[in-house]
Every structure is written in structure tokens, then in C-alpha cells.
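My numbering runs 174 ahead of the 1-based position in the sequence shown.
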Amino acid sequence: MKITDALRGEHGVFYAQFTLMQNTVDAATLNTIQTQGAMLAVALGSHAQIEDEILFPALEAEIGEHGPTRVMREEHVHIEELLMQLQLRQLPQLQTVRELTQAHDDIEGKLAQLPDVTSVDDARTMVYDLLYAAREHFAKEENVLFPLAEQLLSARALEELGAQWAERRGVVLA
175 MKITDALRGE
185 HGVFYAQFTL
195 MQNTVDAATL
205 NTIQTQGAML
215 AVALGSHAQI
225 EDEILFPALE
235 AEIGEHGPTR
245 VMREEHVHIE
255 ELLMQLQLRQ
265 LPQLQTVREL
275 TQAHDDIEGK
285 LAQLPDVTSV
295 DDARTMVYDL
305 LYAAREHFAK
315 EENVLFPLAE
325 QLLSARALEE
335 LGAQWAERRG
345 VVLA
């Protein structure tokens with residue numbers, strides 16, 4: 175499996191989560207919004223980490239570090255910041271979503287410590303901002319970055335990167 179196909183598949187799962195959040199956020203309690211935010215933070219952080227560590231270096235070897243991957247990395251940071259505003263201010267020992275991903279076993283216990291955002295209206299606004307930013311980011315990847323990777327990298331390289339993705343995800347490819 176090509177890494178670009180794997181990442182597109184992950185986007186499909188995120189789109190379902192985004193739709194659920196968008197359809198339920200107006201009636202959700204602050205606790206529900208923050209719980210959904212914590213789950214999304216782990217998943218998006220893991221997804222961004224795979225892109226940053228597997229796909230982007232391969233592309234940067236071909237086009238340098240100042241092309242579209244730089245923009246994508248900046249957007250990953252922006253999305254992390256939005257998630258942290260919504261969810262993670264009370265976790266000073268976990269400064270980034272990537273660190274949260276590594277400590278996912280502790281999330282359940284940490285949820286009780288998260289209510290830094292005390293206004294449900296503020297939380298809803300943050301969710302809308304996050305969903306907009308994530309959807310825009312995914313569109314850029316799907317319409318620009320992934321086709322560029324498929325143009326510049328050989329089929330074999332894309333398959334090898336896909337194998338790295340599968341290993342990280344614990345997925346067995348046939």
C-alpha cells in the first residue's frame with residue numbers, strides 16, 4: 175500500500191469524526207467537548223507525526239525543506255495549538271500533542287484535570303476553528319501534497335513508506 179493511500183484513508187476516518195463533532199457540538203456539554211477534543215488530539219497528533227517523520231522527509235529529499243512540506247508542518251503546529259487551547263492547558267508536563275500521544279494511557283486520568291476552558295461557548299468556537307483548519311489542511315494534502323508525492327517518488331518508494339506506516343500502526347499488509 176502506498177503511504178499516500180494510507181494517509182487518505184486516515185483522513186476518511188477523521189472526516190467522520192469531524193462530522194460527528196460538528197453535528198453534536200451545539201448541544202454538547204463542556205465536558206463532552208473536551209473529552210472529544212482529547213480523543214481527537216491523540217489521533218491527529220499521531221497522524222501528523224507519521225506525516226512529519228515518514229512522508230515529509232522523503233519529499234524534502236526531492237524538493238527541499240522550503241516547499242509545501244514546510245507549510246504542512248506549520249499547519250500541524252497550528253492545529254496542535256488549537257487542540258491545546260481547547261483541551262490541554264492544564265497539562266503543563268505535556269507540552270505538545272505528540273507528547274500526549276506518547277502518554278495516551280494517562281489520558282483518562284488526566285481528563286478530570288482539563289477544564290481550563292470554562293465557557294461552553296468558547297469551547298464550541300474552538301471546535302469550529304479546529305474543524306475548519308483541519309479540513310482545509312487535509313484538502314491541501316489531498317489536492318497538492320499527495321499528488322506531488324506520487325509524481326516525485328517512485329512507486330517502490332511510496333510502497334516502502336507505506337510499509338513504515340503499517341509498522342507504526344501495527345497493521346498487517348497482504
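Heads up, the beta-carbon is just placed ideally off N, CA and C, and yes, glycines get one too.
Just so it is clear, the structure is predicted and the values come from calculations on it, not from any experiment.
query                                                                                                                            : result
Spatial neighbours of Val-346 in its chain, beta-carbon cut-off 8 angstroms, leaving aside the 5 residues before and after       : Ala-340
Range of the contiguous alpha helix (DSSP H) that encloses Met-195                                                               : 177–198
Whole-Å CB distance - Leu-335 paired with Asp-303, under 8 angstroms assumed                                                     : Not quite, the Cβ-Cβ distance comes to about 31 angstroms (not below 8 angstroms), so this is no contact.
Span separating the alpha-carbon of Asp-296 from that of Leu-305                                                                 : 14 angstroms
For Glu-249, three-class secondary structure by DSSP                                                                             : helix
Distance, Arg-247 Cα to Lys-176 Cα                                                                                               : 21 angstroms
Where Pro-266 sits in the DSSP three-state scheme                                                                                : In this predicted model, Pro-266 has a pLDDT of only 41, less than 50, meaning its place in the structure is not dependable; the value taken from the coordinates is given anyway. It is coil, neither helix nor strand.
Ile-224: first and last residue of the uninterrupted alpha helix (DSSP H) it sits in                                             : 204–224
Straight-line gap, Glu-315 to Ile-207 (C-alpha atoms, nearest Å)                                                                 : 27 angstroms
Val-301: first and last residue of the uninterrupted alpha helix (DSSP H) it sits in                                             : 294–314
Validate contact between the segment 235–246 and the segment 202–216 using beta carbons, cut 8 angstroms, 3 pairs                : no
Test item: CB-CB of Ile-253 and Leu-218 under 8 angstroms                                                                        : yes
Where Glu-239 falls: helix, strand or coil (DSSP)                                                                                : coil
Residues of its chain near Glu-249, where Cβ-Cβ distance is below 6 angstroms and the 5 sequence neighbours each way are ignored : His-311
Between the CA atoms of Phe-320 and Leu-326 - distance to the nearest angstrom                                                   : 10 angstroms
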